[in-house]
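S.K.: Residues 1 to 534 (full-length UniProt numbering) make up the sequence shown, in order. The structure follows.
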Amino acid sequence: MALELVLLMILFLLLAIPLLLFPTLTSKIFQTHLHLPPSPLALPIIGHYHLLGPLIHRTFHNLSLRFGPLFSLRLGSLQCVVVSSPDLAKEFLSTHELSFISHAQSLAIESMTYNASLAFAPYGPYWKFIRKLTVNKLLGNRSINLVSIRTQEYLRLLRFLAKKAESGEAVNLTEEFPKLWNNVTLHMIVGNRGLSAEGRAAREEEAAVVVRQATRLLGEVSLCDIFWVCKKLDLGGFVKRIEETHRRFDLLVEKVIREREELRKKERMEEHGGEEEEEVKDFLDTLLDMLEDGSAEVEFTRVHLKALITDLFTAGTDTNAIALEWALAEVINHPRVLKKAREEIDRAVGNRRVVGESDVPNLPYIQAIIKETFRLHPTVPLVIRKCVQQCKIGGYDIPTNTMLYVNVWAIGRDPKNWESPLDFWPERFLQLGEDDGQMSAVNVDVRGQHFQLMPFGSGRRKCPGMNMTMKMLPGVLAALIQCFDWKVDGSDCKKMKGDDVLEMDERPGFTAPMAHDLVCVPVARFSPLNILDP
């Protein structure tokens, strides 16, 4: 960010000179008759870009304290509005949903997803078809209920942690949690058919590295997305990094597709040779069938296939891993919560088997911990949409092509919406509040209907993987609490602040991960851990 600010000042000086020479022309260029929401004082050329800090959702929150829950910004030539209240969020995302039904694509998103992303595609036939396909064939009830896939992967994680517990070694959970979600996503999309154990391990490791690089790039705010000249000049080398990461990701996805195509040819030959076996199809087979027979309702090419696989990897790995990390960190920081959660697990499950997804309905306190984690630490702190049709909201004009930022992070910490909002208090979702004019949080859901808590967004464009996350995330957290105690290790993740053991600051990005890696020594609660034996 520091380098970009220097480059920005140079750009500003170069472009400001002609504008200063022609003040009349300048005033006409920026003149507008629209009644826009209130706004801070803007600079020529760059607008309000100089106000943005590394944690943009925090910058927006601080500005909302001065300018109210609805204000406007200009980043270069890009007009933006920022929303920081549930009522206004409902106005934008529900009442006027069709005016904000599209997403804007950054340079990184456009390149990394072949300009064919499910999450960022314009609302239309292609987006509707791909979302329907993904929900029905991958994230629908059939796939969600394939508990064995997810159970197999989190048991692998638990066995790994058990071995570390035996040797007393510290584990970097910031690195291990993404592997869990990456492996689940990989298994659900492409399976392991035709792979040896070594081949599977190599593919998992390669995918983990590339996905980590891609998600970090997707979360960066770059001058290239605001000023076209920066894209042409590639100031700071951002474009070069995008191209290199995309090249690596493309090689991985192409390799996976080619291996499956060769396996399908081999299986067909064996089938014609009389060695017919029952065919087990996964999501990749479904996509290849559609590619080969041309049965798609819209144009669907190899590029679209690769874009969808890339989209699912980047969306499904980072957010879920970050949510699990925040949840465990909060539990470690609050021994009272840990004790209460463990008592609930022991009552419902005991210690003769590992808690599973089927137990989650009987673990309301664990579910409350997940909700409270999403409230304080939404993995995507800003819901971002693009205005496709000018409208008027709250008495203000919202022009076409305006970028909308709904500050989910700020809404979750607003004392107008929550009692003691900075406290980690899962009980708020389990008991009726006092008659103080505030809505009770007992009935607040995370699925986009209650706008004070919407970690998955809302409306037609909310996260399609929401149901799978809400099945798996509580179960994995419960297993980590059931099987292990946790000793914080490493000075990087320690910070004694009040009663906190772990520092709970954030790192910049599209998502909001912890600023420091979560490094802990697992301590087995059961010796030996027979319940984890294969």
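Backbone N, C-alpha and C define an ideal beta-carbon position, used for all residues, glycine too.
So, do the region 235-254 and the region 94-113 have three or more beta carbon pairs nearer to each other than 8 Å?
M.R.: yes
S.K.: Count the other CB atoms, across all protein chains shown, that sit within 10 Å of the CB of VAL442; report buried if there are 16 or more and exposed otherwise.
M.R.: Here the question's residue 442 lines up with position 442 in the sequence shown. Exposed.
S.K.: From which residue to which residue does the beta strand (DSSP E) around ARG385 run?
M.R.: Here residue 385 corresponds to residue number 385 of the sequence shown, with the count starting at 1. Residues 382-386.
S.K.: Since ASP489 and ARG525 are thought to touch, with beta carbons under 8 Å apart, how far apart are those beta carbons, to the nearest angstrom?
M.R.: Locating residue 489 in the sequence shown gives position 489, where the first residue counts as 1. Locating residue 525 in the sequence shown gives position 525, where the first residue counts as 1. Actually they do not touch by this definition, with Cβ atoms about 18 Å apart.
S.K.: Just to confirm the assignment, what range does the alpha helix (DSSP H) spanning VAL135 have?
M.R.: Translated into the one-based positions of the sequence shown, residue 135 becomes position 135. Counting along the chain, the alpha helix (DSSP H) containing VAL135 begins and ends at 125-137.
S.K.: What do you reckon, are the CB atoms on LYS386 and SER102 nearer than 7 Å?
M.R.: In the sequence shown, counting from the first residue as 1, residue 386 sits at position 386. In the sequence shown, counting from the first residue as 1, residue 102 sits at position 102. In this structure, SER102 lies closer than 7 Å to LYS386 by Cβ.
S.K.: Can you give me the C-alpha to C-alpha distance between SER106 and ARG447, rounded to a whole angstrom?
M.R.: Counted from its first residue, the sequence shown places residue 106 at position 106. Counted from its first residue, the sequence shown places residue 447 at position 447. Their Cα atoms are separated by approximately 26 Å.
S.K.: Between the region 330-343 and the region 356-374, do three or more beta carbon pairs fall short of 8 Å?
M.R.: yes
S.K.: Any contact of the region 61-79 with the region 36-49, i.e. 3+ C-beta pairs under 8 Å?
M.R.: Segments in contact, yes.
S.K.: Taking all protein chains shown into account, decide if GLU297 is buried (16 or more other Cβ within 10 angstroms of its Cβ) or exposed.
M.R.: As a first step, residue 297 must be located in the sequence shown, where it is residue number 297. Label assigned to GLU297: exposed.
S.K.: Report all residues from its chain with a CB closer than 8 Å to the CB of SER491; omit the five preceding and five following residues, and keep chain order.
M.R.: Your numbering for residue 491 matches position 491 in the sequence shown. Below a pLDDT of 50, predicted positions are generally treated as unreliable, and SER491, at 44, falls in that range; no measurement from the model is reported.
S.K.: What residue does the alpha helix (DSSP H) around LYS164 start on, and which one ends it?
M.R.: Start at 1 with the first residue of the sequence shown, and residue 164 comes out as number 164. Where LYS164 is concerned, the enclosing alpha helix (DSSP H) stretches over 147-167.
S.K.: Which same chain residues end up closer than 6 Å to ARG248 when comparing Cβ atoms and leaving out the 5 residues on each side of it in sequence?
M.R.: In the sequence shown, the residue the question calls residue 248 occupies position 248. Taken in chain order, the residues that qualify are VAL210.
S.K.: What does DSSP give as the partner residues of GLU427 in its beta bridges?
M.R.: In the sequence shown, counting from the first residue as 1, residue 427 sits at position 427. According to DSSP, which records beta bridges pairwise, GLU427 is partnered with nothing at all.
S.K.: Less than 7 Å between the beta carbons of GLU506 and LEU55, yes or no?
M.R.: Residue numbering aside, residue 506 sits at position 506 when the sequence shown is read from its first letter. Residue numbering aside, residue 55 sits at position 55 when the sequence shown is read from its first letter. Contact: yes.
S.K.: Applying the 10 Å Cβ sphere with the 16-neighbour rule, what's the burial state of LEU518?
M.R.: Locating residue 518 in the sequence shown gives position 518, where the first residue counts as 1. By the neighbour-count rule (16 or more Cβ atoms within 10 Å), LEU518 is buried.
S.K.: Quick check on the DSSP output: the beta strand (DSSP E) that includes ALA524 runs from which residue to which?
M.R.: Within the sequence shown, the letter at position 524 stands for residue 524. ALA524 -> beta strand (DSSP E) spans 519-524.
S.K.: Cutting at 7 Å between CB atoms, please list the residues of its own chain near PRO522, excluding the five before and the five after it.
M.R.: Position 522 of the sequence shown, counting from 1, holds the residue named residue 522. LEU161, LYS164, ALA165, VAL171, PHE484 and TRP486.
S.K.: In or out: ARG216 buried (at least 16 other Cβ within 10 Å) or exposed?
M.R.: Mapped onto the sequence shown, residue 216 falls at position 216. Result: buried.
S.K.: Terminal residues of the continuous beta strand (DSSP E) containing ILE398?
M.R.: In the sequence shown, counting from the first residue as 1, residue 398 sits at position 398. Counting along the chain, the beta strand (DSSP E) containing ILE398 begins and ends at 396-398.
S.K.: For MET403 versus ALA104, is the C-beta spacing smaller than 7 Å?
M.R.: Within the sequence shown, numbered from 1, the residue matching residue 403 stands at position 403. Within the sequence shown, numbered from 1, the residue matching residue 104 stands at position 104. In this structure, the beta-carbon distance from MET403 to ALA104 falls below 7 Å.
S.K.: Please tell me whether VAL239 has its Cβ less than 7 Å away from any Cβ of chain C.
M.R.: Looking at the structure shown, chain C is missing, and only one protein chain is on hand.
S.K.: Is the separation between the beta-carbon of MET472 and that of ARG268 shorter than 7 Å?
M.R.: For the purposes of this step, residue 472 is taken as residue 472 along the sequence shown, with counting starting at 1. For the purposes of this step, residue 268 is taken as residue 268 along the sequence shown, with counting starting at 1. Cβ atoms of MET472 and ARG268: not closer than 7 Å.
S.K.: Figure out for me which residue from LEU158, PHE177, LEU251 and LEU157 has the closest Cα to the Cα of ARG203.
M.R.: Position 203 of the sequence shown, counted from the first residue, corresponds to residue 203. Closest option to ARG203, Cα to Cα, is LEU251.
S.K.: With MET403 as the anchor, note down where its beta strand (DSSP E) starts and where it stops.
M.R.: If you number the sequence shown from 1, residue 403 lands on position 403. Segment 403-407, the beta strand (DSSP E) holding MET403.
S.K.: Looking at HIS96 and CYS391, is the spacing between their C-beta atoms short of 7 Å?
M.R.: Locating residue 391 in the sequence shown gives position 391, where the first residue counts as 1. Locating residue 96 in the sequence shown gives position 96, where the first residue counts as 1. Against a cut-off of 7 Å, the Cβ pair of HIS96 and CYS391 comes out as a contact.
S.K.: Quick check on this structure: which residue in THR286, VAL256 and LEU328 has the alpha carbon closest to the alpha carbon of THR310?
M.R.: By 1-based counting over the sequence shown, the position of residue 310 is 310. Comparing Cα-Cα distances from THR310 to each of THR286, VAL256 and LEU328, the minimum goes to VAL256.
S.K.: Would you kindly work out how many angstroms separate the C-alpha atoms of HIS35 and TYR396, rounded to a whole number?
M.R.: What you label residue 35 is simply residue 35 of the sequence shown in a count that begins at 1. What you label residue 396 is simply residue 396 of the sequence shown in a count that begins at 1. Each residue's alpha carbon lies about 5 Å from the other.
S.K.: In the structure shown, what three-state DSSP assignment does VAL488 receive?
M.R.: Residue 488 sits at position 488 when you count from the first residue of the sequence shown. Here VAL488 sits in strand by DSSP.
S.K.: Can you list, in chain order, the residues of its chain with a C-beta nearer than 8 Å to that of SER27? Leave out the 5 residues immediately preceding and following it.
M.R.: Position 27 of the sequence shown, counted from the start, is the residue given in the question as residue 27. At SER27, the pLDDT of 35 sits below 50, so the modelled position is not reliable and the matter cannot be decided from this model.
S.K.: Got a sec: does the ligand ATP put a non-hydrogen atom nearer than 6 Å to the Cβ of GLN452?
M.R.: The ligand ATP is absent from the structure shown, which contains no ligand whatsoever.
S.K.: For ASN172, does the three-state DSSP call read helix, strand or coil?
M.R.: Counting from 1 along the sequence shown, the entry for residue 172 is found at position 172. Strand.
S.K.: Secondary structure at LEU233, three-state DSSP: helix, strand or coil?
M.R.: Residue 233 sits at position 233 when you count from the first residue of the sequence shown. The answer is helix: DSSP assigns LEU233 an H, G or I state.
S.K.: Whose C-beta lies closer than 8 Å to the C-beta of GLU153 among residues of the same chain, with five residues either side of it excluded?
M.R.: In the sequence shown, residue 153 corresponds to position 153, counting from 1. The residues are LEU180, ASN183, VAL184 and HIS187.
S.K.: Here's the rule I'm using: 16 or more other beta-carbon atoms within 10 Å means buried, otherwise exposed. How should GLN389 be labelled?
M.R.: Counting from one through the sequence shown, the residue named residue 389 turns up at place 389. GLN389 should be labelled exposed.
S.K.: Can you give the Cα-Cα distance for ASP234 and CYS80, rounded to whole angstroms?
M.R.: The sequence position of residue 234 within the sequence shown is 234, counting from 1. The sequence position of residue 80 within the sequence shown is 80, counting from 1. Computed Cα separation, rounded: 24 Å.
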